[in-house]
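Q:
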Amino acid sequence: MGKKKVIENCVGTVTVSTRIQNGTITTTYQFKAGFATHNWTAKRAKDVVQQMKSGVKEMIFADKEHFGITDTSKVTFYGGVKVLECDYILEKKHIINH
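In my numbering, the protein residues as written are -13 to 84.
1. Use the C-beta contact count for A48: other C-beta atoms within 10 angstroms, 16 or more gives buried, fewer gives exposed.
2. Would you mind stating whether G65 and V2 have Cβ atoms separated by less than 8 Å?
3. With 16 as the cutoff for other CB atoms within 10 Å, does T58 come out buried or exposed?
4. Can you tell me whether A28 is buried or exposed, with buried defined as 16 or more other CB within 10 angstroms of its CB?
5. Quick one: is T4 buried, meaning 16 or more other Cβ sit within 10 Å of its Cβ, or exposed?
Below is the structure:
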């Protein structure tokens, strides 16, 4: 039995890890966002991860000095999503920095 093509209700997290390498020193930052949604598909997962990676990339490169990025730094972004299927979603609120 294969994976479902569409998950009717689910909650989950999207994680983007950023690895900044300066010579022998490597620093990793992790950014996570939670979600609750209906009709989740593999394509939506890919799109959400890509959007979050783009947002994190923009934020990191907008403040290179803060993150210790120089012209010789190697910066790598990794993204992933974890999903938990639910029978129902009881409440859905948009919460920022809480």
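Here a beta-carbon is modelled for each residue, glycine too, at the ideal position from N, C-alpha and C. Only a predicted model underlies this, so the values are computations on that prediction, with no experimental measurement involved.
A: Reading from the atomic positions:
1. exposed
2. yes
3. exposed
4. Looking at its Cβ environment, which holds fewer than 16 other Cβ atoms inside 10 Å, A28 is exposed.
5. By the neighbour-count criterion, in which 16 or more other beta carbons inside 10 Å mark a residue as buried, T4 falls on the buried side.
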